[in-house]
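Participant: Numbers 42 to 722, taken from the numbering used here, label the letters of the sequence shown in order. In this text, a Cβ means the ideal position worked out from N, Cα and C, and glycines have one as well. Treat the numbers as computed from the prediction; the structure is a model and nothing was measured. My questions will all concern the structure given below.
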Amino acid sequence: MPTPAAADFIASSAAVCDAVLQLQGGALHEALGRIARILLASPYGMFDPRAHAVHGAQAGQPPVGVGQLRQPVAGTDSVFGCYIVFGRSRYTDEDRHLLASLAKLTASLLQLHAARHDPSTQSTEAEAQLSRQTQILDKIQESVLTLDGGGYITSWNKGAERLFGYSASEAVGQHILFLYVDEDANFPDAFAEQGGRIMEVRRRKKSGEVFWASLTLSPLLDPNGRQSGLIAYIADITGRKQAEERLHHLAYYDALTNLPNRTLLAKLLDQGLAMAQRKDMAGCVLFIDLNRFKWINDTLGRAIGDELLRQVSLRLKGALREEDIVARLSGDEFVVGLFDIRQHFEATTVAQKLQASLVQPFMIEGHDLRVGASIGISVYPQDGGDAETLLRLADIAMARAKQGHDNLEDSVAFYSLDMNHGMHERMRIESGLRHALGHGELLLHYQAKFAIDDIRIIGAEALVRWQHPERGLVPPAEFIPLAETTGLIVQVGEWVLEAACAQAAIWQSAGLPVLRIAINVSAREFTPALPVRVAATLARYQLAPEWLELEITESALMHDIGRVIEIMDSINALGVTLSLDDFGTGYSSLSYLKRFPIQSLKIDRSFTMGLPDDPSDCAIATTIIGIGQKLGHRVIAEGVETVEQMEFLRKSGCDEVQGYLFSKPLGAEAFEKALRENWLL
């Protein structure tokens, strides 16, 4: 295998041969200079036919002090000129050797060329044949070019000039890659393979225009029958490709909405099901039928009905993620495919988003039009394992939902009856929680945190409760996970921060000593907007920041660590303390833990429950306490319910405890009373 330098020289040799055969005068001199530049990887290079006769500084020569190489191009009885390259800081002996070899080859070719044109030595028949071949090549409408074994262009006909816009002097000596589209640069074009391959490729013209081309490669043989390169035949097929794309679009896309049609939907659903199976994820198909569309279409006409469908398709698409599938089957029926989901009930939230996207009226030709949607849902793998089955069952579920389309909550139905029951219960709770946020049904209870040494109250955790007017106190386990799934947790979190700071301000004004009120912050809340909101709330209630502590779970911190630390630093700068909640239950990483600017670690109740009898819980609790001490963090254990648990934690060096052994969560008045009594002890 030749060295890179040898390969470059071989390519340059072929280019020189072709240039001497095809070019003359200024075009030849320009081509030779470019070949020298490429060979020596030099910024500047030229072939000067006068350099053998003129000495000293002259136009086009390098300025004094810049590294350069000069190499005369001399035959046996004449000097043709001089190669001059410059622009690099230094040139090596290998560079000089390469330039000398190039000059020697050039001189031989120029001398041979001159001899062939000398009346005493020329071969008229050979010249005539060469001229005929050149004329034939140039008359061919197709682009024809030849390449050497390394992919460098050695000839370029008139058809190539017309197609690409480059002249022969610009193209000969260049590597074929200069015609490639950027993203295709690594595509193995087979110029180093045997010829005869036909392919469709994209290429770039001198103007920058990208076009589709049909490329045929055939072997180029030397006089001995050995392959020395390739002949490439290139034809512009952009028109045909565009026609094919139009036919493809007509075959797979709905002409009215530009959404995938039934044919493409089946393919996309099959792909989605394969992905869900591979990732062990759930999948859902949502069958959507518009309510009141038929009446609008029959009353106002098809043109308005068609425009309504177009606008509906845009809203549906806007309510979905990029990876979700949305298609139009026929009439006013649409289908959505969800395959990157963890649980099937997430489809309920998506269905509600789709319905919400249609709430605002559609203004079409002066008409204020309103439509709703009935949605049926089938679930993979419970209901079926293929696209056809899931579509059929989702259609059946849609018909069930259609029966109650006057009520938005009843216009979504799962195919499975047990899923329907769970969905309606979730929707009832979600609707109630939205109402609770705006009608004062939420309240805070406070569970005291005690210093383990003297059992003094030094803080409290604010816990949200829902006082339902009919059901009474709704357990947090019923509505907090739902709030997380639907995104309502952000509104709940904002309410908790507001209510906790308002109560702390009351205690501050009453002259109570400072105690830290801890509130839980969800992963959805942990954004750059959080420090701004905390600062504004503290200022609004004129509350000292020492009264507030934010408890953050590990899972909220394990994404984009740099951004997370910036947010934590901003919170610390306010004087608000940070606690890492449920430590050890999620994605613990000691390399991250040492970087987080937190003040305390909280041992999850799942580890305190087994103390002191369970050896594993004992080992974990002791390890967490040891880590906290080494890192300078206070350690608090939650869920402490027995004296034995407390004693184990005390001996292990735990700082604070929280749990039913000391106090259950209390309303604000009861907590204040317990606080005053504790401090009087």
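What does the Cβ neighbour count give for residue 332, buried or exposed, with the cut at 16 atoms within 10 Å?
Facilitator: buried
Participant: Quick check on residue 124: buried or exposed, where buried means 16 or more other Cβ atoms within 10 Å of its Cβ?
Facilitator: With 16 or more other Cβ atoms within 10 Å, it is buried.
Participant: Starting from the C-beta of residue 477, find all residues in its chain whose C-beta is less than 6 Å away, skip the five residues before and the five after it, and write them out in chain order.
Facilitator: In the same chain as residue 477, and ignoring 5 residues on each side of it, the C-beta atoms closer than 6 Å to its own belong to 483 and 507, in chain order.
Participant: Residue range of the alpha helix (DSSP H) that residue 133 falls in?
Facilitator: Looking at the DSSP string, residue 133 is not in any alpha helix (DSSP H), and its letter there is neither H nor E.
Participant: Let's see if you can read the secondary structure: which residues bound the beta strand (DSSP E) around residue 253?
Facilitator: 251–262
Participant: Which of the three DSSP states, helix, strand or coil, is assigned to residue 70?
Facilitator: helix
Participant: If you compare alpha carbons, which of 443, 362 and 402 is closest to residue 328?
Facilitator: 443
Participant: Going by DSSP, name the residue or residues bridged to residue 197.
Facilitator: 186
Participant: Under three-state DSSP, which class holds residue 701?
Facilitator: coil
Participant: So, does the stretch 334–347 touch the stretch 277–286, judging by three or more C-beta pairs under 8 Å?
Facilitator: Taking one beta carbon from each stretch, the stretch 334–347 and the stretch 277–286 have fewer than 3 pairs nearer than 8 Å; the two do not touch.
Participant: Which residues bound the beta strand (DSSP E) around residue 404?
Facilitator: 403–405
Participant: Taking all protein chains shown into account, decide if residue 704 is buried (16 or more other Cβ within 10 angstroms of its Cβ) or exposed.
Facilitator: buried
Participant: What residue from 91, 74, 662 and 593 has the CA that sits closest to residue 638's CA?
Facilitator: 593
Participant: Within the stretch 481–553, note down every full beta strand (DSSP E) run reaching 3 residues or more, in order along the chain.
Facilitator: 483–492, 497–509 and 513–515
Participant: Classify residue 682 as helix, strand or coil using the three-state DSSP reduction.
Facilitator: Correct three-state label for residue 682: coil.
Participant: Runs of 4 residues minimum, wholly inside the stretch 259–297: which ones carry the alpha helix (DSSP H) assignment?
Facilitator: Complete alpha helix (DSSP H) runs here, min 4: 279–293.
Participant: How many angstroms separate the CA atom of residue 318 from the CA atom of residue 428?
Facilitator: The straight-line gap separating the alpha-carbon atoms of residue 318 and residue 428 is approximately 13 Å.
Participant: Spatial neighbours of residue 111 within its chain, please: CB distance less than 8 Å, with the 5 preceding and 5 following residues excluded, ordered by chain position.
Facilitator: Once the five neighbours on either side are set aside, the close Cβ partners of residue 111 are 92, 123, 124 and 125.
Participant: Please classify residue 117: does DSSP put it in a helix, a strand, or coil?
Facilitator: Coil, per DSSP.
Participant: Would you tell me roughly how many angstroms separate the C-alpha atoms of residue 365 and residue 359, rounded to the nearest one?
Facilitator: When rounded, the distance between both Cα atoms is 11 Å.
Participant: Using the beta-carbon count (16 or more within 10 Å), is residue 714 buried or exposed?
Facilitator: exposed
Participant: What would DSSP say about residue 169, mapped onto helix, strand or coil?
Facilitator: For residue 169, the predicted model reports a pLDDT of 49, less than 50, meaning its position is unreliable; a value from the coordinates is still stated below. If DSSP states are grouped into helix, strand and coil, residue 169 belongs with the helices.
Participant: Assign residue 380 to one of three DSSP states: helix, strand, or coil.
Facilitator: strand
Participant: Look at residue 454 and residue 425 and say whether their C-beta atoms are less than 7 Å apart.
Facilitator: no
Participant: Helix, strand or coil: how does DSSP classify residue 247 here?
Facilitator: coil
Participant: Taking buried to mean at least 16 other C-beta atoms within 10 Å of its own C-beta, is residue 219 buried or exposed?
Facilitator: Looking at its Cβ environment, which holds fewer than 16 other Cβ atoms inside 10 Å, residue 219 is exposed.
Participant: Please list, in chain order, all residues of the same chain as residue 14 whose beta carbon is under 7 Å from its beta carbon, the five residues on each side excluded.
Facilitator: A question about residue 14 goes unanswered here, because the residues of the chain that appear run from 42 up to 722.
Participant: Can you tell me the Cβ-Cβ gap for residue 17 and residue 414, rounded? I've got them flagged as a contact below 8 Å.
Facilitator: The chain is shown only over 42 to 722; residue 17 falls outside these bounds and no answer can be derived.
Participant: Determine the extent of the beta strand (DSSP E) in which residue 86 is found, giving its start and end residues.
Facilitator: Where residue 86 is concerned, the enclosing beta strand (DSSP E) stretches over 85–89.
Participant: Do residue 256 and residue 240 come within 7 Å of each other at the CB atom, strictly closer than that value?
Facilitator: yes
Participant: Compare the beta carbon distance of residue 698 and residue 687 with 7 Å and say whether it is the shorter of the two.
Facilitator: yes
Participant: Mind reading off the beta-carbon distance from residue 575 to residue 617? Whole number of angstroms is fine, and I expect it under 8 Å.
Facilitator: 6 Å between Cβ atoms; contact.
Participant: Answer with buried or exposed for residue 500, where buried requires no fewer than 16 other C-beta atoms within 10 angstroms of its C-beta.
Facilitator: Under a 10 Å Cβ-count criterion, residue 500 is classified as buried, with 16 or more other Cβ atoms of the shown protein chains found around its own Cβ.
Participant: Would residue 367 count as contacting chain D if we go by Cβ distances under 7 Å?
Facilitator: The structure shown contains no chain D, having only a single protein chain.
Participant: By DSSP, does residue 332 sit in helix, in strand, or in coil?
Facilitator: strand
Participant: Buried or exposed: residue 56, going by 16 or more other Cβ atoms within 10 Å of its Cβ?
Facilitator: buried
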